[in-house]
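Under the numbering used here, the residues of the sequence shown are numbered 1 to 218, in order.
Beta carbons: idealized from backbone N, C-alpha and C, even for Gly.
Bear in mind the structure is a predicted one, so any value in this text is a computation, not a measurement.
Structure first, commentary second.
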Amino acid sequence: MKNLNYILIFFLILSSCSNLDEKKPVYELYSQDFKKFQLDNEIGIVDLDSVSNFSELRKKMGELTCEGKISGLKFELNDTRYYITGFSDCPTSGEIGCYFRRNLFTIRNDSLILGYGKEKKSISYLKTELNNIMEKPHNFKYNENKVKPAIIHFYVEDKYPISKTKTVLKEIAEQFSALNSKNDSEFFKYNILFEGHDISNIPPPPPQPIANEFDIDE
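Following this line, the structure appears as structure tokens:
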């Protein structure tokens, strides 16, 4: 009888160990256009675990841009696998992007920069800022129930490991995904521009000169 109990205990231990070895299911989150670019063979995959910091990531992304490819960023965090598109300049190209009629965001490290660098908020504030934007009618497309696309200028200092970049990308992907799942997949589109410098240090444009009556053409 005692031997039977030992055998039962042995099999229970084996069963417990096998359950521990089973991996938890991984949830997958895709940015809006990732699968489309992948289907059209316009995307190059960059695994964030293959780089150590932000500038190394930008270098790989820039090489893909030079090849005419969009960067598909892949990483895993907290039982979720993320697939996010990103954009970085080709170092051999002199092209400059122009982004009019967009909702603009600036992120430095893991902080959201507001008001031309005058105010800094944690990246967790992104949800509040998105809600603030949607409260203002002029941030929507004309005669459509869609928000003007967001352009996110993103820069991380190289003193930080790639884990900080992952944390920010996770927050961006989840907040926009939550909004679009409640409305429409095209409700609030966004693009992330991986910058080579901190654009929040660029001073704001000078104010428009005040017209005086003697400058008016007759």
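Check	Outcome
Environment of residue 78 [buried if 16+ CB atoms lie within 10 Å]	exposed
Presumed contact (8 Å Cβ cut-off) between residue 194 and residue 140, rounded CB distance	Not confirmed; about 27 Å, so no contact.
Euclidean distance between Cα positions of residue 111 and residue 161	15 Å
Whole-number beta carbon distance between residue 54 and residue 156, since they are thought to touch under 8 Å	4 Å
Under the three-state DSSP convention, the category residue 218 falls into	At residue 218 the pLDDT is 37, less than 50, meaning the model places this residue with poor confidence; the figure from the coordinates comes in the next sentence. Looking at residue 218 - three-state DSSP - the assignment turns out to be coil, as it is neither helix nor strand.
Three-state class that DSSP yields for residue 122 in the structure shown	strand
Run of the beta strand (DSSP E) containing residue 26, from where it starts to where it stops	That residue, residue 26, is in no beta strand (DSSP E); it is neither H nor E in DSSP.
Whole runs of the beta strand (DSSP E) within the region 167-196, excluding any shorter than 3 residues	190-194
Beta-carbon proximity of residue 114 to residue 175, cut-off 8 Å	no
Collapsed DSSP secondary structure at residue 108 in the structure displayed	strand
Beta-carbon proximity check, residue 73 vs residue 169, cutoff 8 Å	yes
Residue nearest to residue 148 in terms of C-alpha spacing, selected from 184, 190, 109	190
Assumed close pair residue 102, residue 150 - CB separation to whole angstroms, cut-off 8 Å	7 Å
Own chain, CB closer than 7 Å to residue 60, minus 5 neighbours either side, in chain order	46, 51
Exposure of residue 81, with buried meaning 16 or more beta-carbon neighbours within 10 Å	exposed
Best match in 197, 182, 188, 173 for proximity to residue 75 [C-alpha to C-alpha]	173
Close Cβ partners of residue 121 (< 6 Å) along its chain, the five nearest in sequence each way excluded	112
Coarse secondary structure for residue 198, derived from DSSP in three states	coil
Inside the region 26-85 only - beta strand (DSSP E) runs reaching at least 3 residues	27-30, 43-47, 70-77
Secondary structure of residue 145, DSSP reduced to three states	coil
Which listed residue (105, 58, 133, 66) has its alpha carbon closest to that of residue 123	105
Cβ pair residue 165, residue 57 closer than 8 Å	yes
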